[in-house]
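Just so we're aligned, residue 50 is where the sequence shown starts under my numbering, counting upward by one.
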Amino acid sequence: MLRDNEPDIYKNTCKFIHAKDYLAANLTGRLVTDYSDASGMNLLDINKLEWSEEILAATAIDRDKLPDIVESIEVIGKVNAGAARQSGLLEGTPVVIGGGDGACATCGAGVVHEGDTYIYLGTSTWMATASTRPLIDPLQRTFTFCHFTRGLYFPTGTMQSGGGSFQWLKNTLCNSETEAADQAGIDVYDLLNLKAREVPCGSEGVIFLPYLMGERSPHWNPDARACFVGLSMVHDKRHMIRAVLEGVAYNMKLIEEAFLEQGVNISTIRMIGGGAKSRLWRSIFSDITERRVARLNFIEEATTIGAAIAGGIGVGIFSSIEEADKLVKLEEEIRPNEDNFPIYRRYYNIFKTTYEKLFDVFSMIAETQS
Numbered sequence: 050m051l052r053d054n055e056p057d058i059y060k061n062t063c064k065f066i067h068a069k070d071y072l073a074a075n076l077t078g079r080l081v082t083d084y085s086d087a088s089g090m091n092l093l094d095i096n097k098l099e100w101s102e103e104i105l106a107a108t109a110i111d112r113d114k115l116p117d118i119v120e121s122i123e124v125i126g127k128v129n130a131g132a133a134r135q136s137g138l139l140e141g142t143p144v145v146i147g148g149g150d151g152a153c154a155t156c157g158a159g160v161v162h163e164g165d166t167y168i169y170l171g172t173s174t175w176m177a178t179a180s181t182r183p184l185i186d187p188l189q190r191t192f193t194f195c196h197f198t199r200g201l202y203f204p205t206g207t208m209q210s211g212g213g214s215f216q217w218l219k220n221t222l223c224n225s226e227t228e229a230a231d232q233a234g235i236d237v238y239d240l241l242n243l244k245a246r247e248v249p250c251g252s253e254g255v256i257f258l259p260y261l262m263g264e265r266s267p268h269w270n271p272d273a274r275a276c277f278v279g280l281s282m283v284h285d286k287r288h289m290i291r292a293v294l295e296g297v298a299y300n301m302k303l304i305e306e307a308f309l310e311q312g313v314n315i316s317t318i319r320m321i322g323g324g325a326k327s328r329l330w331r332s333i334f335s336d337i338t339e340r341r342v343a344r345l346n347f348i349e350e351a352t353t354i355g356a357a358i359a360g361g362i363g364v365g366i367f368s369s370i371e372e373a374d375k376l377v378k379l380e381e382e383i384r385p386n387e388d389n390f391p392i393y394r395r396y397y398n399i400f401k402t403t404y405e406k407l408f409d410v411f412s413m414i415a416e417t418q419s
């Protein structure tokens, strides 16, 4: 801990804040944070929405080193004269504190009503759902952040390498496809998707565990490792490509099941992030989760849109988070193919069993790599 290892830095610190809070303080002279970022500091009583005296006492962190907390949509001040000269912004421009990246992505995905659920399919990948109460998972598979406004939360389950697994595959095993895509003037991921389409669902028995960086939800195991299981002489690179896409979706299903066990009602899953461009990947998610999956009009810009919505509510352009939701449109909805359900159910169980059987092996391997 900083306090123990760098006591002078801790002593001379005024407040522990986030990057956006620092910028806002320089613009306005007011030092605060918002509930969404505060809820990610492990110091907030998420029920009372105030810093937890119990946690602060246990960690010996001084309360006066933490900022006051406001809603993400609050105007905390206006651009002062000095900041105006330095930034080029007009003096007097209202400054809204905004939210953390997860909160902005959640709002940008239109997830603002109870049960609304989305997947962010980027380098890391997560599933989040809107809730009017914190979800305290007794098995600690998921965790809860505060949303833009008091009384709204977005419980979340995050995996380390979602789109990152696909990127690793491309960089490690697909040099020839990358060269071919460059010569043809197409996106290499489009070419990889075409190859994956040539393989039936289930990848003919090839399973990929997407734990290239250990894993967060639902395992919280830094020792977990990625692996292909089930390869034989009948398989080729196409099977490995599809297995990666399916492995990420299997892990998301683990997170989805954790939500369902906590009473979340999920109908359509919205999808944003770079990976959502792939119709094949969206259809795989749909078949494995057995739910409709909708592509939004904003895929890679959802987080930015969410930040703009926070600002718009703060200055009165929008009256509420629900009104701002009208900016978000469902563009294409994929319905699951019921013919694939029994196949994916079988391989999903194999996916889960593979992790369980390799748990001790992962620990042994991690010891050799430390």
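Cβ atoms here follow ideal geometry from the backbone N, Cα and C, with glycine treated the same way.
>> Distance check for Lys127 and Thr142, CA to CA, integer angstroms please.
In response: 5 Å
>> Once DSSP output is grouped into helix, strand and coil, what is the label at Pro391?
In response: helix
>> Quick check: what's the CA-CA separation for Asp239 versus Ser327?
In response: 8 Å
> With 16 as the cutoff for other CB atoms within 10 Å, does Val283 come out buried or exposed?
Replying inline: exposed
>> Can you check which of these residues, Cys63, Ala152, Glu103 and Arg112, is closest to Ala351 by C-alpha distance?
In response: Ala152
>> So, at 7 Å on beta carbons, what are the nonlocal neighbours of Lys64 in its own chain, with the 5 sequence-adjacent residues on each side left out?
In response: Leu80, Lys114, Leu115 and Pro116
>> To the nearest angstrom, how far is the alpha carbon of His288 from that of Thr417?
In response: 30 Å
> What three-state label does DSSP hand Leu241 in the structure shown?
Replying inline: When secondary structure is reduced to three states using DSSP, Leu241 falls in the helix class.
> Hey, out of Trp100, Tyr393 and Asn75, whose CA is closest to Pro249's CA?
Replying inline: Tyr393
>> Are the CB atoms of Ala245 and Leu294 within a distance shorter than 8 Å?
In response: yes
>> Check whether the stretch 194-203 and the stretch 315-324 touch, using three or more Cβ-Cβ pairs below 8 Å as the test.
In response: No: fewer than three Cβ pairs fall under 8 Å.
> Could you give the uninterrupted runs of the alpha helix (DSSP H) lying entirely in the stretch 264-339, keeping only those of 4 residues or more?
Replying inline: 286-310 and 328-338
> Does the stretch 182-189 come within contact of the stretch 222-234, defined as at least 3 CB pairs closer than 8 Å?
Replying inline: no
>> In whole angstroms, give me the CA-to-CA distance for Glu305 and Gly137.
In response: 46 Å
>> If contacts are defined as beta-carbon pairs under 8 Å, then Asp83 and Gly157 qualify, I think. What distance do you get, rounded to the angstrom?
In response: Not a contact, Cβ separation roughly 16 Å.
>> Rounded to whole angstroms, what is the Cα-Cα separation between Glu264 and Cys276?
In response: Glu264 and Cys276: Cα-Cα distance of roughly 13 Å.
> For the stretch 133-171, which segments carrying the beta strand (DSSP E) assignment without a break, of at least 3 residues, lie completely within its bounds, in sequence order?
Replying inline: Runs of the beta strand (DSSP E) inside the stretch 133-171: 143-145 and 166-170.
> For the putative contact between Thr178 and Gly164, defined by C-beta atoms under 8 Å, what is the C-beta separation to the nearest angstrom?
Replying inline: 7 Å
>> Suppose the cutoff is 6 Å on Cβ atoms and the five residues either side in sequence are ignored; what does the same chain contact list for Ser335 look like?
In response: Val342, Ile383 and Pro385
>> Quick check: the Cα distance between Leu105 and Ser266, rounded to an integer number of angstroms?
In response: 26 Å
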